[in-house]
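This report concerns only the one structure given below.
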Amino acid sequence: MSKEQFFDIGVNLTHPSFVKDLDTVIEEALEVGVNRMCVTGSDLEESISAYQLAFSLSDILISTAGIHPHQAKEFSQNYFSEIKDLLKKENVKAIGETGLDFYRNFSTEEQQKKSFEMHIETSIELQKPLFLHVRNAHSTFMEMLEPVKEKLPKTVVHCFTGTEDELMDYIEMDFYIGITGWICDERRGVHLKELINLIPKDKIMIETDAPYLIPRVSQLKNSQRNEPKFLPHVAKEVAQNSKETKESLISSMYMNSLSFFDLD
Ligand SMILES: [Zn+2]
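Heads up: the sequence shown begins at 1 in my numbering, then just goes up one per residue.
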């Protein structure tokens, strides 16, 4: 019997909470079939660490390089040119996280827009997949992306937690959709369960966003942090709400991730 395979498209393995036991974290993920992971970068320093980590385990890990909307205040031409250099490396497979987050506004809206604009331009120039984060900023987000729709490379809206209308806009744009353990949360993930079947089968992917967003399932009640080995819980919840069989959905999500990141 072939074992189920999972691809965690968004995991923050450079987070300080993984420093002490990263080897174990990765080993335990492999044991449950999570055999590919994308380590996301949220600023230059983290993008460099993510790249180095991915380079050291290149059969399992890939990385992204970019400036998260929270860090957009760090943006400058020089700073960004170093991000661009990273994007030319073999194991750096997407540009991001980038996007807009008007919920927290750790950087001003103007700073976020400027940084996002440069990421969009660069993704078009390099035709490197775009890894996007959006929160409370849907209309500005669409205003910035829609005019360049034809030129955009493959794009994912990661950690999708939005409304049906927002989802339909992303589907219209041909975006991939990343689903996290948010869907396991009976307090705030209920609407997501109803949206699963609207996502085209070739566009759905899953992620843990570890160490954040521990899936709210009883077995993980005492967990201190989220880990990539918990990804099968997300897959299970997605499958339970899908009209596809679990086997076929899990296989599609894995294949979609390989194709999104241009892996074989
Ligand atoms: Zn994010």
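Quick reminder that beta carbons are idealized off the backbone N, C-alpha and C, glycines included.
A quick note: this is a predicted structure, and the numbers were derived from the prediction, not measured.
Residue i and residue j closer than 8 Å at C-beta
| i | j | result |
| --- | --- | --- |
| proline 211 | histidine 15 | yes |
| leucine 132 | tryptophan 182 | no |
| valine 156 | cysteine 184 | no |
Environment of residue i [buried if 16+ CB atoms lie within 10 Å]
| i | result |
| --- | --- |
| leucine 13 | buried |
| serine 223 | exposed |
| aspartate 8 | buried |
| serine 56 | exposed |
| asparagine 226 | buried |
| threonine 64 | buried |
| glutamate 237 | buried |
First through last residue of the alpha helix (DSSP H) which encompasses residue i
| i | result |
| --- | --- |
| glutamate 125 | 109 to 126 |
| lysine 246 | 246 to 260 |
| histidine 193 | Here residue 193 turns out to be lysine, not histidine, going by the sequence shown. Taken as a continuous stretch (DSSP letters only), the alpha helix (DSSP H) holding lysine 193 covers 190 to 195. |
| methionine 168 | 164 to 172 |
Residue i: CB within 7 Å of a non-hydrogen atom of ligand 1
| i | result |
| --- | --- |
| histidine 138 | no |
| histidine 133 | yes |
| histidine 158 | yes |
| glutamate 166 | no |
| glutamate 74 | no |
| glutamate 46 | no |
| glutamate 27 | no |
| glutamate 150 | no |
| glutamate 207 | no |
Closest residue to residue i among the options (Cα-Cα distance)
| i | options | result |
| --- | --- | --- |
| leucine 263 | Ile62, Gly181, Thr180 | Ile62 |
For residue i, the first and last residue of its enclosing beta strand (DSSP E)
| i | result |
| --- | --- |
| glutamate 97 | 92 to 101 |
| threonine 208 | Careful: threonine 208 lies outside any beta strand (DSSP E) and carries neither H nor E. |
| tyrosine 176 | 176 to 179 |
| serine 63 | 61 to 65 |
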